[in-house]
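Numbering (the working numbering), first residue to last: 224 to 454. C-beta atoms are modelled at their ideal positions from N, C-alpha and C, and glycine is treated no differently.
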């Protein structure tokens with residue numbers, strides 16, 4: 224199986240994502256809090272997956288367009304959103320099919336760590352935003368990736384592989400580690416100013432529902448969250 228083939232396990236992944244500690248009680252509430260008020264804004268959900276973030280944004284009054292490389296995940300998003308958002312298949316490593324300044328806000332949840340180079344997607348995000356427009360995104364925390372990767376040099380940008388278990392399948396996954404300074408450098412080179420960098424705590428409800436995961440999330444960095452502004 225090819226790496227990161229979400230079409231192969233879309234339903235199982237989305238069902239897990241909907242209720243697990245890492246997504247439902249950590250990443251999703253944290254990034255939506257960082258996004259803040261979106262009523263009336265045109266929002267691009269870049270890497271929308273099954274549409275959980277998009278549904279929350281629509282419920283808050285945003286006009287949402289979602290893109291994802293996986294046709295299987297987009298089918299789930301279409302069922303979830305029932306026409307309340309525009310959904311398109313698109314690859315973040317390529318030019319995106321939108322006009323300049325098409326969106327007020329871009330949300331990119333846990334997608335950039337799949338990309339070997341941030342330069343092209345960040346420049347595209349910059350193009351799609353007006354001056355003062357925001358990009359809010361989450362990514363693997365480099366201090367989560369590096370200890371488990373088996374690599375010696377934290378300061379390198381490198382790929383590493385994992386095997387996930389979903390729906391009785393073994394899924395080959397590939398991610399890209401980049402040191403913190405490389406993230407900042409890429410954002411600056413693409414014309415963004417950093418507003419907020421966040422290492423949030425999980426939703427307190429996870430303490431009872433997922434005690435082991437809660438202890439991990441409250442003591443070990445997992446994801447890193449950014450709010451950046453187009454200069």
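Practice problem: Sort out for me which residues DSSP pairs residue 288 with in a bridge. | Solution: Its beta-bridge partners are 267, 309.
Quiz item: Do the CB positions of residue 357 and residue 328 come within less than 9 Å of each other?
Solution: Residue 328 sits close to residue 357, with the two beta carbons spaced by under 9 Å.
Quiz item: What does a CB cutoff of less than 7 Å around residue 341 pick up in its chain, not counting 5 residues either side in sequence?
Solution: Here the set comprises 335, 409.
Quiz item: Is it true that the stretch 246-261 meets the stretch 299-311, where meeting means three or more beta-carbon pairs spaced less than 8 Å apart?
Solution: Result no; under three Cβ-Cβ pairs closer than 8 Å.
Self-check item: residue 384 burial status per 10 Å Cβ neighbour count (16 or more: buried)
Solution: Label assigned to residue 384: exposed.
Quiz prompt | Contact check, residue 321 vs residue 297, beta carbons under 9 Å | solution = In this structure, residue 297 does not lie closer than 9 Å to residue 321 by Cβ.
Exercise. Return the bridge partner residues of residue 386 from the DSSP annotation.
Key: Under DSSP, residue 386 shares a beta bridge with 395.
Quiz item: Are the stretch 225-241 and the stretch 388-406 touching by the rule of at least three beta carbon pairs closer than 8 Å?
Solution: Segment contact: the stretch 225-241 against the stretch 388-406, three or more CB-CB distances shorter than 8 Å; contact assigned.
Quiz item: Closest to residue 338 by CA distance: which of 308, 406, 323 is it?
Solution: When each option's Cα is compared against that of residue 338, the closest is 406.
Practice problem: Tell me, to the nearest whole angstrom, how far the beta carbon of residue 239 is from that of residue 389; I am working on the premise that it is less than 8 Å. | Solution: That belief holds up - the Cβ atoms of residue 239 and residue 389 are roughly 7 Å apart, short of 8 Å.
Practice problem: With distances taken Cα to Cα, identify the nearest neighbour of residue 449 among 347, 332, 371. | Solution: The residue with the shortest Cα to Cα distance from residue 449 is 332.
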